[in-house]
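Participant: Sending over a structure as structure tokens; questions will come in a sec.
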Amino acid sequence: NMERYMWSFDGIKLSEVKGPIIFHEGERLRVTLVNDTMMSHPIHLHGMFFDLVVGDTDHKPRKHTVLVKPAERVSFDVTADHVGDWAFHCHLLFHMHAGMMQVVSVLPRGAAAGADDLHKEHRPAVPPPTDEDPPKEAPMTGMNHEGHR
1270 NMERYMWSFD
1280 GIKLSEVKGP
1290 IIFHEGERLR
1300 VTLVNDTMMS
1310 HPIHLHGMFF
1320 DLVVGDTDHK
1330 PRKHTVLVKP
1340 AERVSFDVTA
1350 DHVGDWAFHC
1360 HLLFHMHAGM
1370 MQVVSVLPRG
1380 AAAGADDLHK
1390 EHRPAVPPPT
1400 DEDPPKEAPM
1410 TGMNHEGHR
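Note that this note's numbering has the sequence shown beginning at 1270, numbered continuously upward.
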């Protein structure tokens, strides 16, 4: 349904979500993706694998990306076992730009998800650079696209 073209998490459009989606370390969750659009969406969750819920409890395919076809619902079970911030998005670039991308934050066991606590949990391990810091370079040999016409 192109008139309702949106992607949401818990009923909130991803493009309108103000903070990350919160998971807690060690938590086992079931995520259900509902595709109400007329396009397929390859949905990818960084940092953790998930088990597709396919009806066969003896065999659950382990994935990190799942194709959600038009008018389809796909559920997966995931254990939040890697603390940090992880991208959760459609693999089609123009869909990411349209809002089909969000951050999943896996908080350490016992961490609160309040705004103040969230800030403390996501403080960078390395202080941000200052104006006095010398510039850093990371040469990317072969990335200049010479020879492409």
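We treat Cβ as the ideally placed atom computed from N, Cα and C, and that holds for glycine. Small disclaimer: the values here were computed from a predicted structure and weren't measured.
(1) Grouping DSSP H, G and I as helix and E and B as strand, with all else coil, what is LEU1376?
(2) Less than 7 Å between the C-beta atoms of VAL1303 and GLN1371, yes or no?
(3) When you compare the CB positions of ASP1218 and ARG1331, do they come within less than 7 Å of one another, or not?
(4) CA-CA distance, SER1374 and ARG1342?
(5) Tell me the residue span of the beta strand (DSSP E) that contains HIS1313.
(6) Taking HIS1364 as part of the beta strand (DSSP E), name the residues at either end of that continuous run.
(7) For HIS1293 and LEU1376, which I take to be in contact (beta-carbon distance under 8 Å), what is that distance rounded to the nearest angstrom?
(8) Which complete beta strand (DSSP E) runs does the region 1319 to 1351 hold, if anything under 3 residues is left out?
(9) Could you check how far apart the C-beta atoms of GLY1295 and ARG1378 are, in whole angstroms? I think they sit under 8 Å.
(10) Just to check my reading of the structure: THR1348 and ARG1299 have Cβ atoms closer than 8 Å, yes? What is that Cβ distance to the nearest angstrom?
Facilitator: So, to answer that:
(1) Under the three-state reduction of DSSP, LEU1376 is assigned to strand.
(2) The answer is no: Cβ separation not under 7 Å.
(3) Past the edges of the chain, shown from 1270 to 1418, lies residue 1218, and the structure says nothing about it.
(4) Between SER1374 and ARG1342, the C-alpha separation is close to 24 Å.
(5) Segment 1310 to 1314, the beta strand (DSSP E) holding HIS1313.
(6) First-last for HIS1364: 1362 to 1366, but that is the alpha helix (DSSP H), not the beta strand (DSSP E).
(7) Contact between HIS1293 and LEU1376 holds, since their C-beta atoms are separated by about 5 Å, short of 8 Å.
(8) Complete beta strand (DSSP E) runs here, min 3: 1319 to 1321, 1334 to 1337 and 1342 to 1348.
(9) Right, the Cβ-Cβ distance comes to about 6 Å (below 8 Å), so this counts as a contact.
(10) About 11 Å separates the two Cβ atoms, so there is no contact after all.
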